[in-house]
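Q: The sequence shown runs -18 to -1, 1 to 363 under mature numbering (1 follows the signal peptide of the UniProt record, and there is no 0).
Structure below; questions to follow.
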Amino acid sequence: MRKLLIILFISLLCLADAKPKKKKSSGCNKPSSTSQHPPYPTKPKDIMYYVQFNNDFTFVDEVLNYLQYFICISFNRQYSRVPGIGINFLRTKMKSNVTLSKNTYTPTNVYLLPNDFYDKKKVLYYVGLALGLTPEIKRYDRDSYVSVFSRNIRKDNKTYYEKTKCKTKYSTGFDYGSVMLLSPYYGSITKERAYRTKLEPYYDKMIEKTKIFSLNDLKKLYYMYCNGTCKALSNQCLNGGYPDIFCHHCECTMPFMDWNCGGIRRNRSPSCGDKQELLSKSTENTVKIENINKACYYKITSSNSKKVTVTIKKVNFSNSSMCDDKNGLFINYHSDKGLTPLHICDNDATVKIPPLSSTVYISFRVNNGNNVLHFSYKDGK
């Protein structure tokens, strides 16, 4: 009997050892870093902030004032360092960087070199970091959109280009128009590129001109700080839109409109042609519009649910210097319609747009002169 009990005991020990051991978590199942942010107060309370550089109204003040019209946070400047939760914009001689607050007892400190403080794009970037946004170039899927040249990056800037190791599910697509994507030359060896975009040179020029938070930047911030505040519009916004802070309508990117971003803006000139909605098939169709002096908008949809290929055959601006974030040629061809559209400002020909969606939107926004646009479209393979 004693031997039988010993055998039974040993058998139980073996079974216990045979149970599969749980793998240590790598942290890859955690939410995307875009959902992690300092515990700042939301409206009606203010986020207090301090700017060390001077007492005058600065671009930092302008940016923070702008943001409070789109997300559920407001800012109030004070003229001494913020000791608790809040943001301090401080001068440094070393290197610009951000130390994020992790509790309500300590502030976020944004250390800026003087050159960065007076660089509007850098200010937008560091404000984004301070609020919890992460660099677009760090995305796990970034290799599908840019090619990074590690050999051209200075050692002290390597961390900016470190790709996220975890396969993260992102709520938005890679956004070339995000303030969180700095110049292709940022942190690089003199006159060498640190990365190249997949549709060079058009996205490169877009990145250099970005001077405002993109719709997806604002949408990320909205869901960080305002999620659940507008139940009436929950899941109602179309085409990448998100609820406005008053819960009256959805915020849309170009060319979308209506309360839920479900409509497209109307053509402003007879020169735009009779058709605004076009049907794509396997054979190529061409549209030629000339002598245009007002905005034209087009929606191209595949008749077979295939991805649409668009080729810009010719674009000519009577005054290309008027091209800005509201004027020029805009092409929204990604599946995420909330992304900043491809923006072309130069007189050019033969720009082939990759087939990524079954619906493509073209916005040709001009005001004066005799502007020209020729483009073709067809179903991709």
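No residue lacks a Cβ here, since even glycine has one placed at the ideal position from N, Cα and C.
From the DSSP output, read off the bridge partner residues of P225.
A: Partner(s): C232.
Q: Is it the case that the region 84 to 91 contacts the region 122 to 129, given that we only count it when at least three CB pairs across the two stretches are under 8 Å?
A: Result no; under three Cβ-Cβ pairs closer than 8 Å.
Q: Are the CB atoms of T146 and K120 within a distance shorter than 8 Å?
A: Their beta carbons are under 8 Å apart, which means K120 touches T146 by this criterion.
Q: If you follow the beta strand (DSSP E) that D361 is in, where does it begin and where does it stop?
A: Start and end: 353 to 361.
Q: Let me check understanding here. Comparing Cα to Cα, which of L113, K276, G245 lies closest to Y31?
A: Checked all of L113, K276, G245; the closest Cα to Y31 is L113.
Q: Beta carbon of Y159, beta carbon of T322: below 8 Å?
A: The displayed chain sequence assigns Gly, not Tyr, to residue 159. Yes.
Q: What ranges does the beta strand (DSSP E) occupy inside the region 22 to 48, keeping only unbroken runs of at least 3 residues that lie completely in it?
A: Counting whole runs of 3 or more residues, the region 22 to 48 contains the beta strand (DSSP E) stretches 28 to 33.
Q: Please return the same chain residues whose Cβ sits closer than 7 Å to the Cβ of Y93, not counting the five positions on each side in sequence.
A: Cβ neighbours of Y93 beyond the five flanking positions: L72, T74, S78, N79.
Q: Express the C-alpha separation of Y143 and Y152 in angstroms, rounding to a whole number.
A: In a straight line, the C-alpha of Y152 is about 18 Å away from that of Y143.
Q: Given that a residue counts as buried once 16 or more other Cβ atoms are within 10 Å of its Cβ, and exposed if not, what is T63?
A: In the sequence on display, residue 63 carries Arg and not Thr. That one is exposed.
Q: Output needed for G310: all residues of its chain with C-beta closer than 7 Å, excluding positions within five of it in sequence on either side, in chain order.
A: Excluding sequence neighbours, G310 sits near H325, I326, C327, R347.
Q: Among D98, G68, C54, E174, whose alpha-carbon lies nearest the alpha-carbon of F35?
A: If we check each option's Cα against that of F35, D98 comes out closest.
Q: Going along the chain, which residues of its own chain have a beta-carbon closer than 6 Å to the beta-carbon of L46, five neighbours each way excluded?
A: F57, listed in sequence order.
Q: Between which two residues does the beta strand (DSSP E) harbouring V290 extend?
A: Looking at the DSSP string, the run of the beta strand (DSSP E) that includes V290 is 290 to 298.
Q: Exposed or buried, residue 438, counting other C-beta atoms within 10 Å across all chains shown (16 or more means buried)?
A: An answer regarding residue 438 cannot be provided, because it is not within the stretch -18 to 363 covered by the chain.
Q: Tell me which same chain residues have a C-beta within less than 7 Å of the C-beta of T265, skipping the five on either side of it?
A: Taken in chain order, the residues that qualify are K360.
Q: Among the residues of its own chain, which have a CB less than 6 Å from the CB of G110, if the five just before and after it don't count?
A: Excluding residues within five positions, the ones whose Cβ falls inside 6 Å are V161, M162.
Q: Do E233 and F52 have their beta-carbon atoms positioned less than 8 Å apart in this structure?
A: Against a cut-off of 8 Å, the Cβ pair of E233 and F52 comes out as a contact.
Q: Here's a check: name, in chain order, each residue in its chain whose Cβ is nearer than 6 Å to the Cβ of D226, leaving out the five neighbours to either side.
A: So the qualifying residues of the chain are E233.
Q: To which residues of the same chain is R248 closer than 8 Å at the C-beta, ignoring the five residues directly before and after it?
A: Counting only Cβ-Cβ distances below 8 Å, and skipping sequence neighbours, we find Q258, Y279.
Q: Tell me whether D256 sits in a helix, a strand or coil according to DSSP, three-state version.
A: D256 falls in the coil class under three-state DSSP.
Q: Given a threshold of 16 other Cβ atoms within 10 Å of its Cβ, counted over all protein chains shown, does D138 qualify as buried or as exposed?
A: Answer is exposed; the Cβ neighbour count stays below 16.
Q: In chain order, what residues of the same chain have a beta carbon less than 7 Å from the beta carbon of F357, not counting five sequence neighbours either side?
A: V269, V292, T293, I294, K295, I344.
Q: Please classify R248: does DSSP put it in a helix, a strand, or coil?
A: Here R248 sits in coil by DSSP.
Q: Does S262 come out as helix, strand or coil in the three-state DSSP assignment?
A: Note: S262 maps to strand in three-state DSSP.
Q: Would you say K281 and I335 are within 8 Å of each other, going by their C-beta atoms?
A: It is not a contact, given that the beta carbons lie outside the stated cut-off.
Q: Using a Cβ-Cβ cutoff of less than 6 Å, which residues in the same chain neighbour L197 once the five nearest sequence positions on both sides are dropped?
A: So the qualifying residues of the chain are T235, G320.
Q: Taking only runs of the alpha helix (DSSP H) that begin and end inside the region 315 to 356, which ones reach a length of at least 4 residues, in chain order?
A: Runs found: none.
Q: Note down the Cα distance separating A214 from Y224, rounded to an integer number of angstroms.
A: About 12 Å.
Q: Considering only the alpha carbon of each residue, which of Y184, A277, M76, T24 lies closest to N329?
A: Of the candidates Y184, A277, M76, T24, the one whose C-alpha sits nearest the C-alpha of N329 is Y184.
Q: If you draw a straight line from the C-alpha of R136 to the C-alpha of P166, how long is it?
A: Each residue's Cα considered, the two are about 13 Å apart.
Q: According to DSSP, is G169 helix, strand or coil?
A: In the structure shown, G169 sits in coil (DSSP, three-state: anything other than H, G, I, E or B).
Q: Taking the beta carbon of residue 368 as the centre, do at least 16 other beta carbons fall within 10 Å, making it buried, or is it exposed?
A: For residue 368 there is no data in the structure shown, the boundaries of the chain being -18 and 363.
Q: Determine the extent of the beta strand (DSSP E) in which K84 is found, giving its start and end residues.
A: Element bounds for K84: n/a, residue is neither H nor E.
Q: Let me check understanding here. Comparing Cα to Cα, which of S132, C54, V42, P252 lies closest to P103?
A: Looking at the sequence provided, one finds Lys at residue 103 rather than Pro. That would be V42, whose Cα lies nearest to the Cα of K103.
Q: How many angstroms separate the CA atom of M239 from the CA atom of R133?
A: Each residue's alpha carbon lies about 45 Å from the other.
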